Amino acid sequence: MTAELEHVTVVFAGQSESWARWIDHQIQAAGRATTLIRWNPLRRPPTVEALADLLSAPGRVLLLLDDWYERLGRERFTAWADVLRQGLPAYRDRLAAVSVTARPMPEEVIALAPVELRGLRPEVARSRVLECAGVPAPGILVDLRRGPRFPDDPPEVWQAPRRNRRFIGRTELLEKMYGAFSAGRTEGAAVVLLGPGGFGKTQLALEYVHRFAGEYDIVWWVNAAQRVTAREQFAELASRLGLPDAGDLAATIKAVRRELDRTIRPWLMVLDGAEDPDRVLDLLPEGRGHVLITTYRTDWGAHAETVTIPVFERQESVAFVGRRTARLSDEQAERLAEAVEDMPLLLDQTATWLDLNPAVPVDAYLRDIRDGRPDRFGVMASGQYPQSFEVAWAKLVNSLREGAESAWQLLNLLVCFSPDVVPVRLLQTARHGDLPPELAELVAEPSSWNTALRKLSEITSMRIEYEQNPRMDTQTVGTLRMHRLFHRFVRSIQSPDDAARYSAAARRVLVSADPRDPASTANGARYAALIPHLEPSRALESPDDDVRELVLNCIEYLRMRGEYHDGWWLSRMAVENWSATATPTDRNVLVAVHQLANMLRRLGKYAEAESVGRDILQRLEAAGNTRPIELIRAKDGLGGTLMALARYDEAGALFEEAASIAAAELGDEHVPRTLALRSNLAVALGLQGHYADSLSLHLKVFEARVEVLGGKHPLTLNSALGTAWMLRLLGDYREALAIQGHNSRAHSQALGRHHSQTLLAEHNLALCARRVGDLQFAEAMMGAARRRLLGRRGPQHPESLMVTCDYAMLLRDLGRIEEARELAEFSAGQYAAQLGDHHPYAIGARDNVAVLLREAGEDREALELSCGVRAQMEEAVGADHPWAIGCAKNQVAALAADGDTEAAAALGRESAERAARTLSDAHILTISLRAGLAVDLAGLGEHEEAEALRRDAATRLTGLLGADHPHIRHILERHRPHWDFEPQPI
2 MTAELEHVTV
12 VFAGQSESWA
22 RWIDHQIQAA
32 GRATTLIRWN
42 PLRRPPTVEA
52 LADLLSAPGR
62 VLLLLDDWYE
72 RLGRERFTAW
82 ADVLRQGLPA
92 YRDRLAAVSV
102 TARPMPEEVI
112 ALAPVELRGL
122 RPEVARSRVL
132 ECAGVPAPGI
142 LVDLRRGPRF
152 PDDPPEVWQA
162 PRRNRRFIGR
172 TELLEKMYGA
182 FSAGRTEGAA
192 VVLLGPGGFG
202 KTQLALEYVH
212 RFAGEYDIVW
222 WVNAAQRVTA
232 REQFAELASR
242 LGLPDAGDLA
252 ATIKAVRREL
262 DRTIRPWLMV
272 LDGAEDPDRV
282 LDLLPEGRGH
292 VLITTYRTDW
302 GAHAETVTIP
312 VFERQESVAF
322 VGRRTARLSD
332 EQAERLAEAV
342 EDMPLLLDQT
352 ATWLDLNPAV
362 PVDAYLRDIR
372 DGRPDRFGVM
382 ASGQYPQSFE
392 VAWAKLVNSL
402 REGAESAWQL
412 LNLLVCFSPD
422 VVPVRLLQTA
432 RHGDLPPELA
442 ELVAEPSSWN
452 TALRKLSEIT
462 SMRIEYEQNP
472 RMDTQTVGTL
482 RMHRLFHRFV
492 RSIQSPDDAA
502 RYSAAARRVL
512 VSADPRDPAS
522 TANGARYAAL
532 IPHLEPSRAL
542 ESPDDDVREL
552 VLNCIEYLRM
562 RGEYHDGWWL
572 SRMAVENWSA
582 TATPTDRNVL
592 VAVHQLANML
602 RRLGKYAEAE
612 SVGRDILQRL
622 EAAGNTRPIE
632 LIRAKDGLGG
642 TLMALARYDE
652 AGALFEEAAS
662 IAAAELGDEH
672 VPRTLALRSN
682 LAVALGLQGH
692 YADSLSLHLK
702 VFEARVEVLG
712 GKHPLTLNSA
722 LGTAWMLRLL
732 GDYREALAIQ
742 GHNSRAHSQA
752 LGRHHSQTLL
762 AEHNLALCAR
772 RVGDLQFAEA
782 MMGAARRRLL
792 GRRGPQHPES
802 LMVTCDYAML
812 LRDLGRIEEA
822 RELAEFSAGQ
832 YAAQLGDHHP
842 YAIGARDNVA
852 VLLREAGEDR
862 EALELSCGVR
872 AQMEEAVGAD
882 HPWAIGCAKN
892 QVAALAADGD
902 TEAAAALGRE
912 SAERAARTLS
922 DAHILTISLR
932 AGLAVDLAGL
942 GEHEEAEALR
952 RDAATRLTGL
962 LGADHPHIRH
972 ILERHRPHWD
982 FEPQPI
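Just so you know, our numbering puts the end of the sequence shown at 987, numbered straight through with nothing missing.
Structure below.
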């Protein structure tokens, strides 16, 4: 008996799971054994025997009371009330109750004298729980910060819609979801709720979030139906986790994922309404938390455990209808459920309609729903839905037309926006003239506006979220979510005149909301919110210049945020729609085509980008009366594409032409556009191997940008970076290091340590440090920059590949040959896969592999690879390009290692002469080739010439690098220097 008294059984309804677990933990911490029993009154028959079975557990019974009773139908509630009245007296001596609801209790429950827990401090609530359970308070209280969080305390990080108080049933599904997540234990888990529209997937996910919120420190809800919105909402978590916004959306998303992957805090991520998995897979963290997805797409089953969501069970339907309206008997509720096939959305809408139309006989309404035809109610049957659904919706919209005209007009406007998040705030702040006259006055009066939205929400089952009114101390409707099935139905029954009129109004609202500054990161959330409405408002088809300007600004936002796939789709749609009605040289079409080429280039679709770029340039040149800015933009864009395709001479010529036009038409030294073109030309000159010319132009652009933009502007900093880069390639390592050291610090101060341009500045600083012989500093700097790039952009991004390629050869200098070879082979493979086997970057990366093969003693393999690489590089960029000369230098070393000293000396002499002509006698590549030639000549017995070459090389290098540089020691010890390929940023 003593053991029984020491045992406590906690009985609770499923929705109070977090409270039950907290109470259970407190009782166990006080030294008592416990049993948790979940009670579902929809599953148990309302009998005294069922109550006796429920309370038959040993020891003291603690009832956890919430507002579950409100979710029962009238008849079932009455039956359970009678059972409680009859059965509870028998358990009075070992029964106690606590309450976690603020709602009034039924008389039958009040008799238990439940103790209120809500609104208390955790320590007071614990004291009351232990007292009710008959447990003496322990001498030493357990720290309340350990164990389950107090349910009244929200998670530390929280973003989710408010709870649906009308939710009912689905207990087994919720338990199945909880079990699937629990099975993941410390490894994390993902669950997908799969089912057709209208089956209640979102509401089930929302109930899970609120019911089990106590188990998480981070809960984040993302509307995943629209990719751009989903990514922006996911990235918003960064600031809540204390992470900086990286500017680039993809980088911020990766930073959030990385934080979730490594945190020990329990988290729940919800992706609601996800469609194609490939579109949002990069939003799925892989840490120890939980991911919950709602979708109708079966292909999500490959990525998460699937929980199939059916319609309501019939008893759930009856209970739900009983909560929605008191007009129906259980028998009538069953008939309604049968007519709408137990679909939760239709049950909600039809029960609400009956409640709002008390004069309509229930049986007559049920006959219409079951047997009627849509055309009797002014709607042509579409064949897309069961006729009972269309009849129900037809009666609903007819009641709006006839009894709530302003609500019907508002609905007509709302369906011209995306259903996922209807932009209520944009309508509130719209200009009076943007709205149809009949709605302008409604929006102007907040109380009427909120009343109309609430009424519309109630009738149509739209989901409303409230927010603080910025102008007054009141709550106002912030967002509204319409079910896609109903949205599609209303659009299908709009008359052509109404569709045109309200779509035009929606477009005017969107245009007014355009911040007109897509380059500003502060406007990112605004543009992400506007983009989903472009299609439903028919903005992409509009001939209006203001609307087209909005579309172009949205495209530019996507480009600035690195969202190239969405930018490609939107720019392609704009080009297709606008080209049909515009002239070939229409400004908006030209900008859209230019952006399309930009997006294609960023996505690595260079051949398509070139085709688009050449087409637009040919059209402009053929037109004859083209505005200079359009010609400038076209030449610049095509030049960028050709530069990526390694057609450096063509790209340089286009940049030079564009810069000349810009200087003549816009101005020379102090015009940002002209400076940008000259900067591009400087990059192209560097890629052509004309390092001195590139340096001269970079310096001029840098000096002009300092004067025009200031020393800390990102473009000015980029010009300084280009200057230091060219100085390094020219062999002026110490000057390059001094400039780059200052430039790297300036980047950190102006842009922040995590900005992508800052990482490139740190990468170049590491390259400069390596060249002056400070290998440890170089490894620390480049290793850190590479880790951040990999975390933000992944290993295959061009910037990550560039740094990995250079890091491999730095590891070679440090003697870490195996690591170096692995990274060099990875870089070569990725460059070949992304750019093609014959791109100079792929060829140069393979030459690095050849160097590492020779280091590993695989001389024959190194020679074969080196010979092929040299021939390919000469074909790609010409024999006089520094890259081709560098490949020849490494082939010389491979020939010597294979024992063919005579061939090595011949190729070394020829390459040294070519380097002297191309780069000068004083360039380090020329000097090192002559130092290698000295080694080969000595091996052939030509000691006098060899010694002269060796002394000259040592003298020149000492003046260039300093007497203590490792290269000097290598030459004096007659070691053969090598060359490694360094990709340049484009």
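Ideal Cβ positions, reconstructed from N, Cα and C, are used throughout, including at glycine.
Just so we're clear, the structure is a prediction, and the values are computed from it rather than from any experiment.
For residue i, does the three-state DSSP call read helix, strand or coil?
i, result
"N358", "coil"
"T582", "coil"
"T295", "strand"
"H8", "strand"
"D838", "coil"
"W980", "coil"
"S543", "coil"
"R45", "coil"
"I219", "strand"
"R289", "coil"
"A34", "strand"
"R620", "helix"
"Q873", "helix"
"V510", "helix"
"Q160", "strand"
"V878", "helix"
"V422", "coil"
"T253", "helix"
"D901", "coil"
Just the Cα atoms here: how many angstroms apart are residue i and residue j?
i, j, result
"P387", "G373", "11 Å"
"V850", "G614", "35 Å"
"T586", "D546", "15 Å"
"S695", "L284", "41 Å"
"L56", "V62", "7 Å"
"D249", "R562", "5 Å"
"Q835", "A610", "15 Å"
"A894", "R232", "51 Å"
"L118", "E237", "34 Å"
"W268", "D218", "6 Å"
"M473", "E446", "Confidence at M473 is low in this model, with a pLDDT of 49, below 50, so its placement is unreliable and the value that follows should be read with caution. Straight-line Cα distance between these residues: approximately 13 Å."
"E826", "S801", "14 Å"
Name the DSSP bridge partner or partners of residue i?
i, result
"A14", "W40"
"S100", "L66, E117"
"N224", "D273"
"V308", "L194"
"R86", "None, per the DSSP bridge assignment."
"T264", "Answer is none; T264 lacks a bridge partner."
"R61", "V9"
Starting from the Cα of residue i, find the closest Cα among the options and give me that residue.
i, options, result
"A904", "Q892, A352, G323", "Q892"
"R573", "Q350, V552, V548, A501", "V552"
"L962", "Y607, E943, A923", "A923"
"R280", "D567, P438, L646, Q27", "D567"
"P311", "A320, I928, P447, R171", "R171"
"E948", "A935, T79, T642", "A935"
"L356", "F378, A327, P375", "Contrary to the premise, residue 356 reads as Asp rather than Leu in this sequence. Out of F378, A327, P375, A327 has the C-alpha closest to the C-alpha of D356."
"G282", "V380, R918, I254, V116", "According to the sequence displayed, residue 282 carries Leu and not Gly. With distances taken between Cα atoms, L282 lies closest to I254."
"W159", "K713, F982, I370, V210", "V210"
"F656", "Y528, E666, A645, K636", "K636"
Under 7 Å between C-beta atoms, does residue i make it to chain B?
i, result
"N681", "Considering every chain present, this structure includes no chain B. It has just one protein chain."
- Query: In chain order, which alpha helix (DSSP H) runs of at least 4 residues are fully inside the segment 425-507?
  - Reply: 425-429, 438-445, 447-461, 485-494
- Query: Along the chain, which unbroken stretches of the alpha helix (DSSP H) at least 4 residues long are found entirely within the segment 687-747?
  - Reply: 692-710, 715-730
- Which ranges would you report for the alpha helix (DSSP H) in the segment 788-837 if only whole runs of at least 4 residues count? 799-814, 818-836
- Scan the segment 318-383 and note each continuous alpha helix (DSSP H) run of 4 residues or more that stays entirely inside, going in chain order. Within the segment 318-383, the complete alpha helix (DSSP H) runs of at least 4 residues are 331-340, 345-357, 363-372.
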